[in-house]
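Heads up: the sequence shown is residues -19 to -1, 1 to 171, going by mature numbering (1 follows the signal peptide of the UniProt record, and there is no 0). Quick reminder that beta carbons are idealized off the backbone N, C-alpha and C, glycines included. All values reported here derive from a predicted model rather than from experimental measurement. Below is one structure; the comments refer to it alone.
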Amino acid sequence: MNFAATAALSLAMATDAFAVAIGKGAALQKPSLRAALRIGLIFGVVEGLTPIAGWALGQVAAPYVEAWDHWIAFLLLGGLGVRMIVASLGATDDDDNDGGRPDNGSFWLLVVTGFATSIDAMIVGVGLAFMDANIWLTAAAIGTCTFVMVTLGIMLGRAVGAVVGRRAELVGGFVLIAIGATILYGHTVG
């Protein structure tokens, strides 16, 4: 994968965490930079580890599906992109907050929330096992992008509101579909 594809994938993977962070930031009363950095770090680490776990699972299956790996990557990324688009279109303001609870959340609650938003990164990791991609570089890019976007999302949450978070997830869904289509095109035509 080239730099542009890695950057686009990293942004796409971070959008759902960004949406959650905006909702969390909107619910917090005057979030501090320290709190935003803490939440961003937790989400970034979790989001960076899950594609590695998915990649390891994909490596086990790779010899058995090598002839149609590009179709698997296309279906996984495309399906995930469609899911993100549908989720962004069906979201309501009530979906993006935590019941008005104005605290930063416990460490384990943040880890579980981070994992819930990173299932898509695990699926992407499975798809990356079928490609010539450096999983360590890709996982680091996804984790770093998530850290930055979640930190910014927390800080921007109160000012911007949940609408931007839903739009970010919508754009991320289209980016994933485009990456999947590019992989399919490159293996079948190019």
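Practice prompt. To the nearest angstrom, report how far apart residue 121 and residue 29 are at their CA atoms.
Written response: As a position in the sequence shown, residue 121 is number 140, starting the count at 1. As a position in the sequence shown, residue 29 is number 48, starting the count at 1. C-alpha separation (whole angstroms): 6 angstroms.
Discussion item. For residue 63 and residue 154, what's the separation of their Cα atoms in angstroms?
Written reply: Walking along the sequence shown from the start, residue 63 turns up at place 82. Walking along the sequence shown from the start, residue 154 turns up at place 173. When rounded, the distance between both Cα atoms is 6 angstroms.
Fill in: Residue closest to residue -16, alpha-carbon to alpha-carbon, out of 157, 31, 131 and 138
Working through the sequence shown from its first residue, we reach residue -16 at position 4. When each option's Cα is compared against that of residue -16, the closest is 157.
Worksheet item: What runs of the alpha helix (DSSP H), each 4 residues or longer, lie entirely inside the stretch 7 to 53?
Response: 14 to 46
Worksheet item: Leaving out the 5 sequence neighbours to the left and right, which residues in its chain are closer than 8 angstroms to residue 111 when beta-carbon positions are compared?
Response: Numbered from 1 along the sequence shown, position 130 holds the residue referred to as residue 111. So the list reads 39, 43, 46, 47, 50, 51, 53 and 54, once near-sequence residues are dropped.
Discussion item. Less than 8 angstroms between the C-beta atoms of residue 104 and residue 133, yes or no?
Written reply: Locating residue 104 in the sequence shown gives position 123, where the first residue counts as 1. Locating residue 133 in the sequence shown gives position 152, where the first residue counts as 1. Cβ distance not < 8 angstroms, so residue 104 and residue 133 don't count as in contact.
Discussion item. Please return the same chain residues whose Cβ sits closer than 6 angstroms to the Cβ of residue -19, not counting the five positions on each side in sequence.
Written reply: Locating residue -19 in the sequence shown gives position 1, where the first residue counts as 1. Here the set comprises 114.
Practice prompt. Please classify residue 5: is it buried, with 16 or more other beta-carbons within 10 angstroms of its beta-carbon, or exposed?
Written response: Sequence index remark: in the sequence shown, residue 5 carries index 24 (1-based). Answer is buried; the Cβ neighbour count reaches 16.
Fill in: Cβ pair residue 151, residue 69 closer than 8 angstroms
By 1-based counting over the sequence shown, the position of residue 151 is 170. By 1-based counting over the sequence shown, the position of residue 69 is 88. Yes, they are a contact pair.
Worksheet item: Among 161, 102, 160 and 128, which one has its Cα closest to the Cα of residue 36?
Response: Start at 1 with the first residue of the sequence shown, and residue 36 comes out as number 55. Checking every option, the nearest Cα to that of residue 36 belongs to 102.
Worksheet item: Quick one: is residue 131 buried, meaning 16 or more other Cβ sit within 10 Å of its Cβ, or exposed?
Response: Counting from 1 along the sequence shown, the entry for residue 131 is found at position 150. It is buried - the Cβ of residue 131 has at least 16 other Cβ atoms within 10 Å.
Practice prompt. Measure the C-alpha to C-alpha separation of residue 1 and residue 97 and round it to an integer number of angstroms.
Written response: Here the question's residue 1 lines up with position 20 in the sequence shown. Here the question's residue 97 lines up with position 116 in the sequence shown. Cα to Cα, residue 1 sits roughly 10 angstroms from residue 97.
Worksheet item: Whose C-beta lies closer than 8 angstroms to the C-beta of residue 117 among residues of the same chain, with five residues either side of it excluded?
Response: Reading the sequence shown from its first residue, position 136 is the one you call residue 117. The residues are 33.
Practice prompt. Return the residue from the list 17, -12 and -5 that minimises the CA-CA distance to residue 99.
Written response: Translated into positions along the sequence shown, residue 99 becomes position 118. Minimum Cα distance to residue 99 is reached at -5.
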